[in-house]
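Heads up: the sequence lines are chains Y and L, in that order.
FYI, this note's numbering numbers position 113 of the first sequence as 113, with every residue one higher than the one before it.
Each position in the second sequence, counted from 1, maps to that position plus 1000 in this note's numbering.
Beta carbons are placed, not taken as given, at the ideal position from N, Cα and C, and that holds for glycine.
Computed from a predicted structure; not experimentally measured.
As structure tokens, the structure follows; a few thoughts come after it.
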Amino acid sequence: MDMDMDMDMDTKKKCTRFFINDNMDVLIEILKRLDEKSIGVAACVCRLWCALTRNDALWEHLCFRQLSPPREGVRTVVAALGGYRRLYTLCVKPVLTRLGKRKDMWTTHEVDLSLSLFCVDYYERLFLAGAATPPSSLIFLCKAG
Amino acid sequence: MKRDHMNPENFSSSSSTTPNSMDAGVDELFAVLGYNVKSSDMAEVAHQLERLEEVMATVHHDAALSDDTVHYNPSDLASWLGSMISEFDSSSNPFLHSDFGSDLISIPGKALYPKSNPPQPKKLKSTPPMPATPLLLIDSQENGVRLVHTLMACAEAVQQEDFKLAEALVKNIGFLAVSQPGAMRKVATYFAEALARRIYKLYPPNHQDSAFNDLLQMHFYETCPYLKFAHFTANQAILEAFAGKTRVHVIDFSMKQGMQWPALLQALALRPGGPPSFRLTGIGPPSHEETDHLQEVGWRLAQLAESINVEFEYRGFVASSLADLDAAMFEIREGETVAVNSIFELHQLLARPGAIEKVLQVVSKLKPEILTVVEQEANHNGSVFLDRFTESLHYYSTLFDSLESCGGGEEGVSVQDKVMSEVYLGRQVCNVVACEGVERVERHETLAQWKIRFGSCGLEGVNLGSNTYKQASMLLALFAGGDGYRVDENNGCLMLGWHTRPLIATSAWKLTT
């Protein structure tokens, strides 16, 4: 990375410290590799980190990291339906939990199912826009009392 | 159960024809409840009941607990009463108030009144004085069996048009149902209500309120997997049929809230090569409200399609019956690939002669690439009432059982959702049992029967692929109680069932070339 090379030359000249907050792309790369819980912790560090954890690219990575190459067009669709962070929280995480799977066992079938459920939820919200009742097509994913 | 007058003249000792009576001369109505009382003994039994009441009324409320309790079987009512009275007469000790919450209620016996040292008296919570009815031994499991027998006996009485007997039996069902836990109680209550309606000819009002029906179905959609399974499997079949096509047209016989289509639109948006231009025609029943419900649904779907960049066109048709439609209405365009979808709609057409054939003819004229059908997997359309009753009792018992596993806790599926789902199913029960003729629209038939019908209209089956099976299995695993649900493949069709009983079947059809 360009930043790294600059820093190397700088450190040869003088012993300056490396502020991660000055190098947001490095920071984002690191945050991308975290799991959801760690991202939550990272969000509590400072305002900058909090803002960065809301970056949808992070959550895209969390959702579909091990499925490479990423499918064409998924990003636009997910963005239109509410974003990857929402997709993860509403669908991906509960589906994974219910199926008792680890993220590295994610296959296209789980992806398709999550996307479908996500879309149904979006549609339901369209219907209920402004109504008092919350959308409920995904309540079956919640832990039973 | 208490008779108003313990007068022997009021008892009718007709020759018993119920299956429960072992010997001639046993009172029918008691026999149904499980008590063998000879009609000739009725006066004596009545007298003994009165004596027992008198004796019990003079007893103290504080009780002495004993480690041993003796249970008497009151089936032979006469001798049971005799032993009870002699117990009370032999000592003046207080007796145990039972805990009516438990399944088995202990009746004090000899062990409670030892002749030698009385046991250490322990204070019991003082309970209010018991109502003046005899103590009954209530065994919930035995009552469950009696409940089913009573239901069957009542249905048989209705079949034979012995409405006097049926009336007496249907009253008992309610009494027995109360002692049952969960699903059994609910099923019995709905079937009892339906039988009562049939007996008293208080037919249920024709459920024209489509808005309320839709609401009930939404709760059913949220609570258990049947509708989601239907939508996902049908969508997968349609998606595969639309592979490589650029202009597609879906005709939905079961539009309702349009909950099936967002997932298909999303899948089409993400398919390799991009989405086709999508046209949807929705059929719905007439609405009693001012708002045009069908148009609203179409508008929402259009919004969704626009967000995900799928070219979308919508048209809604109002029809009180699918048989009112004809092929020309749909204005199929050149080069358009057509799919027809029907979720739990076709069986309603069997209520009018000729309707199903007409609709299938219309479907053939549309030359669809695929026809997706989801129907209940049961035969509730037999010509004999008793057969229909038996079949539907088993079917809905299984369905209600599966509902019990669906949560009802604080998080997730609420009790209200479950109750609404039960009302939704209860309406179907009412229709199957209480209605006849054109009113009886819940004329479910099995996949095998539908296959014959479709075959005679020039339609042959299309195999649902392994992708559909995998997606369906995964979907079911997401539901609480997921272990109980089973997806089975049956000649290229998929069936969703609870444990060993298949409940709904998804199938796909195309015109035989």
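Got a sec, what are the start and stop residues for the alpha helix (DSSP H) residue i sits in?
{"i": "tyrosine 1395 of chain L", "result": "1385 to 1404"}
{"i": "cysteine 50 of chain Y", "result": "47 to 53"}
{"i": "lysine 1565 of chain L", "result": "No information on residue 1565 of chain L is available, as it lies outside the stretch 1001 to 1513 that chain L covers here."}
{"i": "valine 74 of chain Y", "result": "74 to 81"}
{"i": "phenylalanine 1229 of chain L", "result": "1226 to 1241"}
{"i": "tyrosine 1203 of chain L", "result": "Tyrosine 1203 of chain L -> no alpha helix (DSSP H), and no H or E assigned at all."}
{"i": "glutamine 1260 of chain L", "result": "Element bounds for glutamine 1260 of chain L: n/a, residue is neither H nor E."}
{"i": "glycine 1298 of chain L", "result": "1293 to 1307"}
{"i": "cysteine 1435 of chain L", "result": "That residue, cysteine 1435 of chain L, is in no alpha helix (DSSP H); it is neither H nor E in DSSP."}
{"i": "proline 94 of chain Y", "result": "93 to 99"}
{"i": "glycine 40 of chain Y", "result": "36 to 42"}
{"i": "glutamate 1357 of chain L", "result": "1355 to 1365"}
{"i": "glutamine 1223 of chain L", "result": "It is worth fixing the name first, because residue 1223 of chain L is threonine in this sequence and not glutamine. Here the alpha helix (DSSP H) through threonine 1223 of chain L covers 1210 to 1223."}
{"i": "phenylalanine 118 of chain Y", "result": "108 to 128"}
{"i": "threonine 1446 of chain L", "result": "Careful: threonine 1446 of chain L lies outside any alpha helix (DSSP H) and carries neither H nor E."}
{"i": "threonine 1468 of chain L", "result": "1466 to 1477"}
{"i": "isoleucine 30 of chain Y", "result": "24 to 32"}
{"i": "glutamate 60 of chain Y", "result": "56 to 64"}
Look at the Cβ atom of residue i, then the Cβ atom of residue j, and state whether they are nearer than 7 Å.
{"i": "leucine 1496 of chain L", "j": "phenylalanine 1229 of chain L", "result": "yes"}
{"i": "isoleucine 1283 of chain L", "j": "methionine 1259 of chain L", "result": "no"}
{"i": "alanine 1188 of chain L", "j": "leucine 1147 of chain L", "result": "yes"}
{"i": "glycine 1170 of chain L", "j": "alanine 1196 of chain L", "result": "According to the sequence as given, residue 1170 of chain L is valine; it is not glycine. Against a cut-off of 7 Å, the Cβ pair of alanine 1196 of chain L and valine 1170 of chain L comes out as a contact."}
{"i": "valine 78 of chain Y", "j": "serine 114 of chain Y", "result": "no"}
{"i": "arginine 1443 of chain L", "j": "leucine 1350 of chain L", "result": "yes"}
{"i": "glycine 1335 of chain L", "j": "arginine 1247 of chain L", "result": "yes"}
{"i": "lysine 1365 of chain L", "j": "alanine 1339 of chain L", "result": "no"}
{"i": "glycine 948 of chain L", "j": "glycine 1426 of chain L", "result": "For chain L, the structure presents residues 1001 to 1513; residue 948 of chain L sits outside this window and is missing."}
{"i": "alanine 1157 of chain L", "j": "alanine 1166 of chain L", "result": "yes"}
{"i": "leucine 1360 of chain L", "j": "alanine 1305 of chain L", "result": "no"}
{"i": "leucine 1049 of chain L", "j": "isoleucine 1085 of chain L", "result": "no"}
{"i": "tryptophan 49 of chain Y", "j": "tyrosine 88 of chain Y", "result": "no"}
{"i": "serine 1405 of chain L", "j": "glycine 1484 of chain L", "result": "yes"}
Among the candidates the options, whose CA atom is the shortest distance from the CA of residue i?
{"i": "threonine 1513 of chain L", "options": "L:His1288, L:Ala1472, L:Trp1498 and L:Leu1459", "result": "L:Leu1459"}
{"i": "tryptophan 106 of chain Y", "options": "Y:Asp121, Y:Leu62 and Y:Gly73", "result": "Y:Leu62"}
{"i": "tyrosine 1203 of chain L", "options": "L:Gly1465, L:Phe1454, L:Cys1457 and L:Val1429", "result": "L:Val1429"}
{"i": "tyrosine 136 of chain Y", "options": "L:Leu1301, L:Glu1331, L:Tyr1221 and L:Asp1387", "result": "It should be pointed out that residue 136 of chain Y corresponds to serine in this sequence rather than to tyrosine. Nearest of L:Leu1301, L:Glu1331, L:Tyr1221 and L:Asp1387 to serine 136 of chain Y, Cα basis: L:Tyr1221."}
{"i": "glutamine 1376 of chain L", "options": "L:Leu1301, L:Gln1180 and L:Leu1494", "result": "L:Leu1494"}
{"i": "arginine 1501 of chain L", "options": "L:Val1433, L:Ala1378, L:Leu1346 and L:Lys1358", "result": "L:Ala1378"}
{"i": "valine 1363 of chain L", "options": "L:Ala1477, L:Glu1054, L:Val1250 and L:Ser1397", "result": "L:Val1250"}
{"i": "valine 95 of chain Y", "options": "L:Asn1213, L:Ala1480, L:Asn1490 and L:Ala1505", "result": "L:Ala1480"}
{"i": "methionine 1042 of chain L", "options": "L:Glu1054, L:Glu1053, L:Met1056 and L:Asp1076", "result": "L:Asp1076"}
{"i": "histidine 109 of chain Y", "options": "L:Met1474, L:Leu1478, L:Tyr1485 and L:Ala1505", "result": "L:Met1474"}
{"i": "glycine 1455 of chain L", "options": "L:Glu1445, L:Trp1509 and L:Ala1323", "result": "L:Trp1509"}
{"i": "phenylalanine 118 of chain Y", "options": "Y:Leu128, Y:Arg98, Y:Phe127 and Y:Arg86", "result": "Y:Arg86"}
{"i": "glycine 1182 of chain L", "options": "L:Phe1330, L:His1347, L:Ser1397 and L:Glu1489", "result": "L:Ser1397"}
{"i": "asparagine 1467 of chain L", "options": "Y:Val120, Y:Asp112 and Y:Phe140", "result": "Y:Asp112"}
{"i": "glycine 1273 of chain L", "options": "Y:Ser38, Y:Phe127, Y:Gly73 and Y:Phe140", "result": "Y:Gly73"}
{"i": "leucine 1478 of chain L", "options": "L:His1219, L:Thr1223, L:Met1056 and L:Gln1303", "result": "L:Thr1223"}
{"i": "aspartate 1252 of chain L", "options": "L:Asn1381, L:Asn1341 and L:Ala1078", "result": "L:Asn1341"}
{"i": "proline 1353 of chain L", "options": "L:Arg1440, L:Glu1313, L:Val1432 and L:Val1423", "result": "L:Arg1440"}
{"i": "serine 1277 of chain L", "options": "L:Arg1300, L:Cys1435 and L:Phe1242", "result": "L:Phe1242"}
{"i": "leucine 141 of chain Y", "options": "L:Arg1271, L:Ser1321, L:Leu1476 and L:Thr1291", "result": "L:Leu1476"}
Pull the bridge partners of residue i from the DSSP assignment, please.
{"i": "leucine 1496 of chain L", "result": "L:Val1487 and L:Ile1504"}
{"i": "threonine 1372 of chain L", "result": "L:Asn1341 and L:Ala1508"}
{"i": "glutamate 1313 of chain L", "result": "L:Arg1279"}
{"i": "glutamate 1460 of chain L", "result": "L:Lys1510"}
{"i": "aspartate 1076 of chain L", "result": "L:Asn1036"}
{"i": "valine 1145 of chain L", "result": "Note: valine 1145 of chain L sits in no beta bridge, so no partner."}
{"i": "valine 1318 of chain L", "result": "L:Gly1284"}
What residue range is occupied by the uninterrupted beta strand (DSSP E) comprising residue i?
{"i": "serine 1277 of chain L", "result": "1277 to 1284"}
{"i": "valine 1248 of chain L", "result": "1247 to 1252"}
Starting from the beta carbon of residue i, find every residue of chain B whose beta carbon is closer than 9 Å, and list them in chain order.
{"i": "methionine 1259 of chain L", "result": "Among the chains of the structure shown, chain B does not appear; the protein chains present are Y and L."}
Below 8 Å between beta carbons is the criterion; list the residues of the segment 1292 to 1320 of chain L that meet it against any residue of chain Y, in chain order. Residues are counted here when their Cβ sits less than 8 Å from a Cβ of chain Y; for the segment 1292 to 1320 of chain L these are Arg1300, Leu1301, Gln1303, Leu1304, Ser1307, Ile1308 and Asn1309, given in chain order.
At a Cβ cut of 9 Å, what residues of the segment 42 to 65 of chain Y count as close to chain L, listed as they run along the chain? The segment 42 to 65 of chain Y vs chain L, Cβ under 9 Å: nothing.
Note down, in chain order, all residues in the segment 1213 to 1238 of chain L with a beta-carbon under 9 Å from any beta-carbon belonging to chain Y. So the list reads Met1218, His1219, Tyr1221, Glu1222, Thr1223, Cys1224, Pro1225, Lys1228, His1231, Phe1232 and Asn1235, given in the order they occur along the chain.
Can you give me, in chain order, the residues of the segment 1478 to 1489 of chain L that have a beta carbon less than 7 Å from any beta carbon in chain Y? From the segment 1478 to 1489 of chain L, only Leu1478, Phe1479 and Ala1480 have a Cβ closer than 7 Å to chain Y.
Could you list the residues in the segment 68 to 89 of chain Y with a C-beta less than 9 Å from some C-beta on chain L, going in chain order? Within the segment 68 to 89 of chain Y, the residues whose Cβ lies closer than 9 Å to some Cβ of chain L are Arg71, Glu72, Gly73, Val74, Thr76, Val77, Ala80 and Leu81, listed in chain order.
Contact list for the segment 1453 to 1471 of chain L against chain Y, Cβ threshold 9 Å: For the segment 1453 to 1471 of chain L, which is checked against every Cβ of chain Y, the residues closer than 9 Å are Asn1467, Lys1470 and Gln1471.
What are the residues of the segment 1264 to 1290 of chain L that lie near chain Y, defined by any Cβ-Cβ distance shorter than 8 Å? For the segment 1264 to 1290 of chain L, the set of positions with a beta-carbon nearer than 8 Å to some beta-carbon of chain Y reads Leu1265, Gln1266, Ala1267, Ala1269, Leu1270, Pro1272 and Gly1274 in chain order.
Output needed in chain order: residues of the segment 1349 to 1360 of chain L with a Cβ under 9 Å from some Cβ in chain Y. For the segment 1349 to 1360 of chain L, no residue has a beta-carbon sitting nearer than 9 Å to a beta-carbon of chain Y.
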